[in-house]
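Using mature numbering (1 follows the signal peptide of the UniProt record, and there is no 0), the letters of the sequence shown map in sequence onto residues -24 to -1, 1 to 50. For each residue, glycine too, the CB sits at the ideal point set by N, CA and C. Here the structure comes first, spelled out in C-alpha coordinates, and everything after it is commentary.
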Amino acid sequence: MKMLTSLFLVVFALFMANCKTLYSTDVVKTSKGFYRFYESRDVMPTSSSKVEFCAIDAKTSAITCKDVTVNYGF
(Lines of atoms letter the chains of each structure in order from A and count residues from 1; the text may use other names and numbers.)
(Lines give C-alpha, C1' and ligand atoms only; values in the text may rest on other atoms or scores of the structure.)
Protein backbone atom coordinates (compact mmCIF):
# COMPACT_ATOMS: atom_id res chain seq x y z
CA MET A 1 0.00 0.00 0.00
CA LYS A 2 2.87 2.40 0.78
CA MET A 3 4.39 1.72 -2.63
CA LEU A 4 1.10 2.50 -4.37
CA THR A 5 0.77 5.74 -2.43
CA SER A 6 4.35 6.72 -3.28
CA LEU A 7 3.77 5.97 -6.96
CA PHE A 8 0.62 8.09 -6.94
CA LEU A 9 2.47 11.01 -5.33
CA VAL A 10 5.29 10.83 -7.90
CA VAL A 11 2.85 10.76 -10.82
CA PHE A 12 0.89 13.65 -9.32
CA ALA A 13 4.08 15.71 -8.82
CA LEU A 14 5.13 15.15 -12.44
CA PHE A 15 1.66 16.13 -13.62
CA MET A 16 1.73 19.35 -11.58
CA ALA A 17 5.20 20.29 -12.87
CA ASN A 18 4.24 20.10 -16.55
CA CYS A 19 0.76 21.62 -16.60
CA LYS A 20 1.45 25.08 -17.94
CA THR A 21 -0.21 25.66 -21.30
CA LEU A 22 0.10 28.48 -23.79
CA TYR A 23 -2.76 29.63 -25.94
CA SER A 24 -1.76 31.81 -28.88
CA THR A 25 -4.62 34.17 -29.55
CA ASP A 26 -3.52 36.58 -32.25
CA VAL A 27 -0.59 37.58 -34.45
CA VAL A 28 -0.15 41.13 -35.77
CA LYS A 29 2.39 41.61 -38.57
CA THR A 30 4.34 44.85 -38.97
CA SER A 31 7.09 45.96 -41.35
CA LYS A 32 9.76 45.18 -38.73
CA GLY A 33 8.40 41.87 -37.44
CA PHE A 34 5.29 40.58 -35.72
CA TYR A 35 3.60 40.68 -32.33
CA ARG A 36 2.20 37.48 -30.84
CA PHE A 37 -0.45 37.86 -28.15
CA TYR A 38 -0.88 34.78 -25.98
CA GLU A 39 -2.31 33.63 -22.69
CA SER A 40 -0.60 31.25 -20.29
CA ARG A 41 -2.55 29.12 -17.83
CA ASP A 42 -1.32 27.16 -14.86
CA VAL A 43 -3.02 24.28 -13.07
CA MET A 44 -4.87 26.73 -10.88
CA PRO A 45 -7.53 28.86 -12.56
CA THR A 46 -5.10 31.76 -12.93
CA SER A 47 -4.04 33.06 -16.30
CA SER A 48 -1.84 35.85 -17.57
CA SER A 49 -1.78 37.61 -20.91
CA LYS A 50 1.56 38.29 -22.55
CA VAL A 51 2.84 39.93 -25.72
CA GLU A 52 5.94 38.83 -27.60
CA PHE A 53 7.67 40.70 -30.44
CA CYS A 54 9.55 38.60 -32.99
CA ALA A 55 11.82 39.76 -35.81
CA ILE A 56 13.99 38.08 -38.42
CA ASP A 57 17.66 39.02 -38.40
CA ALA A 58 18.68 40.00 -41.95
CA LYS A 59 22.27 38.75 -41.56
CA THR A 60 21.67 35.35 -39.97
CA SER A 61 18.00 34.73 -40.91
CA ALA A 62 17.40 33.80 -37.27
CA ILE A 63 14.10 34.61 -35.60
CA THR A 64 14.54 36.38 -32.28
CA CYS A 65 11.68 37.05 -29.88
CA LYS A 66 11.35 39.03 -26.68
CA ASP A 67 8.53 39.77 -24.26
CA VAL A 68 7.18 43.31 -24.48
CA THR A 69 4.73 45.41 -22.50
CA VAL A 70 1.71 46.86 -24.28
CA ASN A 71 -0.36 49.70 -22.88
CA TYR A 72 -3.96 49.15 -23.99
CA GLY A 73 -4.95 52.63 -22.82
CA PHE A 74 -7.67 51.89 -20.29
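By Cβ distance, which residues of its chain are closer than 7 Å to residue 8, with the 5 residues on each side in sequence left out?
Counting from one through the sequence shown, the residue named residue 8 turns up at place 32. Same-chain partners within the cutoff: 31.
Using alpha carbons as the reference points, say which of 29, 46 and 47 lies closest to residue 40.
Counted from its first residue, the sequence shown places residue 40 at position 64. Comparing Cα positions, the closest option is 29.
Residue from 12, 4 and 3 with nearest C-alpha to residue 43
The sequence position of residue 43 within the sequence shown is 67, counting from 1. Nearest Cα to residue 43 within the set 12, 4 and 3: 12.
Alpha carbon to alpha carbon, what distance is there between residue 46 and residue 6?
Taking the sequence shown and counting its residues from 1, the one referred to as residue 6 is at position 30. Taking the sequence shown and counting its residues from 1, the one referred to as residue 46 is at position 70. Cα to Cα, residue 6 sits roughly 15 Å from residue 46.
What does the alpha-carbon distance come out to for the pair residue 27 and residue 4?
The count along the sequence shown starts at 1 and reaches residue 27 at position 51. The count along the sequence shown starts at 1 and reaches residue 4 at position 28. Cα to Cα, residue 27 sits roughly 11 Å from residue 4.
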